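Participant:
Number of protein chains: 2
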Amino acid sequence: MPQTQPKRADAQRSIAAILEAATESLSRNPDASVSEIAKAAGVGRVTLYGHFPNRADLVDAALAHAIENGHAALDAVDLSGDPRQALARLIDSSWHLVDRFRSLLQAAQSVLPPGRIRALHAGPAERVQGLIERGQAEGVFRSDLPVSWLVGSMHSVMHSAADEINAGRVATGEAADFITATVLAAFTPPGRPVPALTELRQSQP
Amino acid sequence: MPQTQPKRADAQRSIAAILEAATESLSRNPDASVSEIAKAAGVGRVTLYGHFPNRADLVDAALAHAIENGHAALDAVDLSGDPRQALARLIDSSWHLVDRFRSLLQAAQSVLPPGRIRALHAGPAERVQGLIERGQAEGVFRSDLPVSWLVGSMHSVMHSAADEINAGRVATGEAADFITATVLAAFTPPGRPVPALTELRQSQP
DNA sequence: CTCTTGTCGAACACTGGTGTACGAGTTAGC
DNA sequence: GCTAACTCGTACACCAGTGTTCGACAAGAG
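Protein sequences, first through last, are from chains R and X. If you're matching positions, the first sequence starts at 1177 in my numbering and goes up one per residue. If you're matching positions, the second sequence starts at 1177 in my numbering and goes up one per residue.
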């Protein structure tokens, strides 16, 4: 894909530093200025503009970078077996990614076209969607609501957890359990009993 | 509280127009400028500054106004009887308030101190919280999660519904049912069956 | 070693928003 | 119908951010 000849080692280092600093700064403050990011990267503002033509492109790159990393990290999660247990595992390892990067996401939303953002999320979304569809086929997740709705609900509950935490109403350690309990209940087909958390903590046979 | 002598009829009209325009403009674009709002109100920018010392105060007033109206409108909802049915009714009449004003809320979040926003929400929050606590006491809502968590989850699902709608994945007419189904399932105590939507649509005896 | 590629800081033009000042013209209240 | 309250437009000072230009200087690649 990159037609461009390999950048100099020097430049590669700068780009990496900028990308990291951008991710970090925008995750704290979605309105972080370019100067702010450049300073955090230990780099001149002009140098930054040498690599990223404008702010939007920088935000895009930062988000893409963050998502790619997160996506890779989640490859380690075992999604086989009981879909409910698999979902619990997935939530366990992914919810604080959502937490860490939600401010960055907000920055992207105010600068990037909505289509672009969805394109970036295609990878992660596919994973969740696949798991939910399998759960529906096996009858342990409800089928009376669209898959996209369930995905959205799950996301929004994680989002809510983040809010609760930095409002001081929930401890960081509790969050995963709360999210899991809420989402699994929400996914349960009407007429079927809501699973207790303890049922899911059993190790695989 | 208002020590000030009653404003002239003239001025009262301006203030009302500004408040309404601010609510409307900020609900479409949380970054709406003061000039934009003044224009929408059919009023000079200077006149606006005559009544609201700065942008923050204007946003505050607009949010307060919106919440007060919404709160009053929800007074009509019958919260007695089966808490699940009552919750369904409450969702029916309140979710599109959340939808309409979420952009305004975002504007407020970026300008007003967090404490101020919570203070404004005290009224509505109390209503929801009371209903949930009654449901818990009667054993139809789960008690293994904090009330504040349940309130937050309910809010976030409504928020999610708004996203789904303007992403075109959900029709406006479906939203209330989807939210109700999701929230009621999420609120069901572990071990108890998730209620079907049809069970709740029964008229009162 | 040399030459291309990067980096840096300072400076500049531009944009878009906020809040204030002035002076002339309207309008409601009594 | 007089007066105080209100409105309006224009203009101004100010600020913060963006993106560009320039020239001097460092550092990697061959």
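For each residue, glycine too, the CB sits at the ideal point set by N, CA and C. These numbers were taken from a predicted model, which means no experiment stands behind them.
Against chain R, does H1272/X count as a neighbour if the rule is that its beta carbon must be under 8 Å from one of theirs?
Facilitator: Here residue 1272/X corresponds to residue number 96 of the second sequence, with the count starting at 1. Not one chain R Cβ lies under 8 Å of H1272/X.
Participant: Using Cβ-Cβ distances below 7 Å, what residues of the region 1351-1364 of chain X are close to chain R?
Facilitator: F1354, A1357, T1358, A1361, A1362 and T1364
Participant: With distances taken between CB atoms, is the gap from A1198/X to A1240/X smaller than 8 Å?
Facilitator: By 1-based counting over the second sequence, the position of residue 1198/X is 22. By 1-based counting over the second sequence, the position of residue 1240/X is 64. Not in contact: A1198/X and A1240/X (Cβ atoms no closer than 8 Å).
Participant: Please classify P1300/R: does DSSP put it in a helix, a strand, or coil?
Facilitator: Mapped onto the first sequence, residue 1300/R falls at position 124. Helix.
Participant: Do you know whose CA, among S1329/X, A1232/X and H1272/X, lies nearest I1293/X's CA?
Facilitator: Walking along the second sequence from the start, residue 1293/X turns up at place 117. Ranking S1329/X, A1232/X and H1272/X by Cα distance to I1293/X puts A1232/X first.
Participant: Rounded to whole angstroms, what is the Cα-Cα separation between R1265/R and L1376/R?
Facilitator: For the purposes of this step, residue 1265/R is taken as the residue at position 89 of the first sequence. For the purposes of this step, residue 1376/R is taken as the residue at position 200 of the first sequence. One C-alpha to the other measures close to 10 Å.
Participant: Which residue comes first and which comes last in the alpha helix (DSSP H) that contains E1196/X?
Facilitator: Numbered from 1 along the second sequence, position 20 holds the residue referred to as residue 1196/X. Element bounds for E1196/X: A1185 to R1204.
Participant: With a 10 Å radius around its C-beta and 16 neighbouring C-beta atoms as the bar for buried, classify E1340/X as buried or exposed.
Facilitator: Along the second sequence, one-based indexing puts residue 1340/X at 164. So E1340/X ends up on the buried side.
Participant: Can you give the beta carbon distance from S1279/R to P1206/R, rounded, assuming they're within the 8 Å contact cut?
Facilitator: Against the first sequence, residue 1279/R aligns to sequence position 103. Against the first sequence, residue 1206/R aligns to sequence position 30. Confirmed, about 5 Å.
Participant: Give me the DSSP bridge partner(s) of P1369/X.
Facilitator: Within the second sequence, the letter at position 193 stands for residue 1369/X. Answer by DSSP bridge pairing, in chain order: P1369/R.
Participant: Find out if the Cβ-Cβ distance for the pair V1219/R, I1194/R is shorter than 8 Å.
Facilitator: Taking the first residue of the first sequence as 1, we reach residue 1219/R at position 43. Taking the first residue of the first sequence as 1, we reach residue 1194/R at position 18. Going by C-beta atoms, V1219/R is nearer than 8 Å to I1194/R.
Participant: How is the alpha helix (DSSP H) around F1228/R delimited, first residue to last?
Facilitator: Taking the first residue of the first sequence as position 1, residue 1228/R is located at position 52. Counting along the chain, F1228/R falls outside any alpha helix (DSSP H), and DSSP gives it neither H nor E.
Participant: Compile a chain-ordered list of the residues in the region 1287-1320 of chain R whose CB is closer than 9 Å to at least one CB of chain X.
Facilitator: Within the region 1287-1320 of chain R, the qualifying residues are P1290, R1294, R1318 and D1320.
Participant: Would DSSP call V1235/R helix, strand or coil?
Facilitator: The count along the first sequence starts at 1 and reaches residue 1235/R at position 59. V1235/R carries a helical assignment under DSSP once its states are collapsed to helix, strand and coil.
Participant: Could you say which of E1350/R, E1309/R and D1236/R lies nearest to P1322/X if we only look at CA atoms?
Facilitator: Start at 1 with the first residue of the second sequence, and residue 1322/X comes out as number 146. Among E1350/R, E1309/R and D1236/R, the Cα nearest to that of P1322/X belongs to E1350/R.
Participant: Just the Cα atoms here: how many angstroms apart are I1355/R and S1324/X?
Facilitator: Locating residue 1355/R in the first sequence gives position 179, where the first residue counts as 1. Locating residue 1324/X in the second sequence gives position 148, where the first residue counts as 1. About 13 Å.
Participant: Residues of the region 1235-1246 of chain R with a CB closer than 7 Å to any CB of chain X: list them in chain order, please.
Facilitator: none
Participant: What whole-angstrom Cβ distance do V1327/R and A1301/R have, given they're in contact under 8 Å?
Facilitator: In the first sequence, counting from the first residue as 1, residue 1327/R sits at position 151. In the first sequence, counting from the first residue as 1, residue 1301/R sits at position 125. About 7 Å; that satisfies the 8 Å criterion.
Participant: Applying the 10 Å Cβ sphere with the 16-neighbour rule, what's the burial state of V1222/R?
Facilitator: Locating residue 1222/R in the first sequence gives position 46, counting from the first residue. By the 10 Å Cβ count, V1222/R comes out exposed.
Participant: Mind checking whether R1310/R and T1364/R have CB atoms under 8 Å apart?
Facilitator: Here residue 1310/R corresponds to residue number 134 of the first sequence, with the count starting at 1. Here residue 1364/R corresponds to residue number 188 of the first sequence, with the count starting at 1. It is not a contact, given that the beta carbons lie outside the stated cut-off.
Participant: Of the residues that make up the region 1332-1351 of chain X, which ones have a beta carbon closer than 7 Å to any beta carbon in chain R?
Facilitator: S1332, V1333, H1335, S1336, D1339, E1340, R1345 and V1346
Participant: For L1373/R, tell me which candidate among L1234/R, R1204/R, Q1261/R and V1235/R has the shortest Cα-Cα distance.
Facilitator: Against the first sequence, residue 1373/R aligns to sequence position 197. If you compare the alpha carbons of L1234/R, R1204/R, Q1261/R and V1235/R with that of L1373/R, the shortest gap goes to Q1261/R.
Participant: Fully enclosed by the region 1311-1362 of chain X, which alpha helix (DSSP H) runs are 4 residues long or longer?
Facilitator: 1323-1342
Participant: Return the Cβ separation of V1235/R and A1283/R in integer angstroms, given the expectation that the two are a contact with Cβ distance under 8 Å.
Facilitator: For the purposes of this step, residue 1235/R is identified with residue 59 of the first sequence, where counting begins at 1. For the purposes of this step, residue 1283/R is identified with residue 107 of the first sequence, where counting begins at 1. Right, their Cβ atoms sit about 5 Å apart.
Participant: Straight-line CA distance for S1332/X to R1184/X?
Facilitator: Position 156 of the second sequence, counted from the first residue, corresponds to residue 1332/X. Position 8 of the second sequence, counted from the first residue, corresponds to residue 1184/X. Cα to Cα, the separation comes out at about 42 Å.
Participant: Can you tell me the Cβ-Cβ gap for S1203/R and E1212/R, rounded? I've got them flagged as a contact below 8 Å.
Facilitator: To locate residue 1203/R, count along the first sequence from 1; it is residue 27. To locate residue 1212/R, count along the first sequence from 1; it is residue 36. So it is not a contact: roughly 13 Å between Cβ atoms.
Participant: If we ignore side chains and look at the alpha-carbon of each, how far apart do I1191/X and A1343/X end up?
Facilitator: Start at 1 with the first residue of the second sequence, and residue 1191/X comes out as number 15. Start at 1 with the first residue of the second sequence, and residue 1343/X comes out as number 167. Rounded to whole angstroms, I1191/X to A1343/X spans 35 Å at the Cα level.
Participant: List, in order along the chain, the chain R residues whose C-beta lies closer than 8 Å to that of A1372/X?
Facilitator: In the second sequence, the residue the question calls residue 1372/X occupies position 196. Those within 8 Å of A1372/X in chain R are P1366 and G1367.
Participant: Nearest chain X C-beta to S1329/R closer than 8 Å, yes or no?
Facilitator: The residue given as residue 1329/R occupies position 153 in the first sequence. Chain X, which has a Cβ nearer than 8 Å to the Cβ of S1329/R, makes this yes.
Participant: Would you mind telling me which residues of chain R sit closer than 9 Å to S1209/X, beta carbon to beta carbon, in chain order?
Facilitator: Residue numbering aside, residue 1209/X sits at position 33 when the second sequence is read from its first letter. Result: empty, since nearest Cβ-Cβ is about 15 Å, beyond 9 Å.
Participant: Short check: CB of D1268/R to CB of A1338/R, under 8 Å?
Facilitator: Within the first sequence, the letter at position 92 stands for residue 1268/R. Within the first sequence, the letter at position 162 stands for residue 1338/R. At least 8 Å separates the beta-carbon of D1268/R from that of A1338/R.
Participant: In angstroms, rounded to a whole number, what distance separates the CA positions of L1360/R and S1209/R?
Facilitator: The residue given as residue 1360/R occupies position 184 in the first sequence. The residue given as residue 1209/R occupies position 33 in the first sequence. If I take the Cα positions, the gap works out to 40 Å.
Participant: Under 9 Å between beta-carbons, which chain X residues line up against S1324/R? List them in chain order, please.
Facilitator: Taking the first residue of the first sequence as 1, we reach residue 1324/R at position 148. Going along chain X in sequence order, the residues near S1324/R (Cβ under 9 Å) are E1340, A1343, R1345 and V1346.
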